[in-house]
Amino acid sequence: MLCPTEREARIALSNHEDGVEWIANTLLEKTRSKNLLVKLGAEGFIAYSNDIPGNFKKREHFPALVSNPVDVAGAGDSLLAAISVSMCSGANLMEASAIGACMAALAVQTIGNIPVSHQKLESYIKNLR
Numbered sequence: 001m002l003c004p005t006e007r008e009a010r011i012a013l014s015n016h017e018d019g020v021e022w023i024a025n026t027l028l029e030k031t032r033s034k035n036l037l038v039k040l041g042a043e044g045f046i047a048y049s050n051d052i053p054g055n056f057k058k059r060e061h062f063p064a065l066v067s068n069p070v071d072v073a074g075a076g077d078s079l080l081a082a083i084s085v086s087m088c089s090g091a092n093l094m095e096a097s098a099i100g101a102c103m104a105a106l107a108v109q110t111i112g113n114i115p116v117s118h119q120k121l122e123s124y125i126k127n128l129r
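Going left to right, the sequence shown walks through residues 1 to 129 as full-length UniProt numbering numbers them.
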């Protein structure tokens, strides 16, 4: 699993001209990674997966769920932690990414890099409906 920001991905490939799709495809090919998240800041992130049976690649954009964040410190860490735990519990990348987007949304609504409880995440997800 790779989880760079768009800027980090561009720097890694020395490419500041091509689109995000080209950057993502090139990173997946060069690293042979099954999963890639490209973080887009206020625009959320894009998840790319090579592990979906019958498809070479699956792509899904997950928008930021909070339009006015209080503090973005720890948002990326919260995103990656939630996705990692979800995948270790049996979720595929896209299912895990939905949970990660919720965790990141909770993280940016708090000043400081404060852990988000499982109960708070569960409550947030239930209230999305």
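For every residue, glycine included, the Cβ atom is placed at its ideal position computed from N, Cα and C.
Closest to residue i by C-alpha separation, out of the options, would be which residue?
i: V86; options: I114, C102 and P115; result: The amino acid occupying residue 86 in the given sequence is Ser; Val does not appear at that position. The shortest C-alpha separation from S86 is found at C102.
i: A96; options: H16, L80, P4 and L40; result: L80
i: G76; options: K57, I114, A91 and L27; result: I114
i: N50; options: H61, L40, R32 and A42; result: R32
Residues bridged to residue i by DSSP?
i: L36; result: L2 and Y48
i: K126; result: Per DSSP, none; premise fails for K126.
i: R59; result: Y48
So, for residue i: in the same chain, excluding its five sequence neighbours on each side, which residues have a beta-carbon less than 8 Å away from its beta-carbon?
i: A24; result: A9, L36, V38, I46, Y48 and R59
i: Q109; result: V66, P69 and V70
Verify the CB distance criterion: does residue i have a CB-CB separation below 7 Å to chain D?
i: N92; result: You won't find chain D in this structure, because it holds only one protein chain.
Excluding five sequence neighbours on each side, which residues of the same chain lie with their C-beta closer than 6 Å to the C-beta of residue i?
i: L128; result: none
i: P63; result: G44
i: Y124; result: C102 and L106
i: A12; result: none
Pop quiz: residue i and residue j are said to be a contact at Cβ under 8 Å. What is the actual Cβ separation, rounded to whole angstroms?
i: G100; j: A73; result: Not really, about 17 Å apart at Cβ, beyond 8 Å.
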